[in-house]
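Enquirer: Residue 14 in numbering that gives the first Met the number 0 sits at position 15 of the sequence shown, and the numbers go up by one each step. Even glycine gets a Cβ: it sits at the ideal position worked out from N, Cα and C.
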Amino acid sequence: MALDTDELEPRKPKPALKDLSTLSVGELKDYIAGLEVEIARARTFIDAKEAHKNAAEAFFKKG
């Protein structure tokens, strides 16, 4: 059975939701754009971690 590395990482509390009612339409669009950049950054990290995990699994299967 493979070890899930996510189980090794400490749980972090989820940040409080931002109050969107005070933002203008332009500010909301900017906020969304910033979130999309952060989502892309998170996906890049996921891809890198999965590639690392797959490489490690492949290495240990060869033996």
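Straight-line CA distance for residue 37 to residue 28?
Expert: Along the sequence shown, read from residue 1 onward, the residue named residue 37 stands at position 38. Along the sequence shown, read from residue 1 onward, the residue named residue 28 stands at position 29. Rounded to whole angstroms, residue 37 to residue 28 spans 14 angstroms at the Cα level.
Enquirer: Please report the distance separating the alpha-carbon of residue 20 from that of residue 50.
Expert: As a first step, residue 20 is located in the sequence shown; it is residue number 21 there, counting from the start. As a first step, residue 50 is located in the sequence shown; it is residue number 51 there, counting from the start. Using only the alpha carbons, I get a separation of about 40 angstroms.
Enquirer: Look up residue 20 in the DSSP assignment and say whether it is helix, strand or coil.
Expert: Locating residue 20 in the sequence shown gives position 21, counting from the first residue. Helix, per DSSP.
Enquirer: Only counting the same chain, and skipping five residues up and downstream in sequence, which positions put a Cβ closer than 7 angstroms to that of residue 124?
Expert: One cannot answer for residue 124 here, as it falls past the ends of the chain, which runs 0 to 62.
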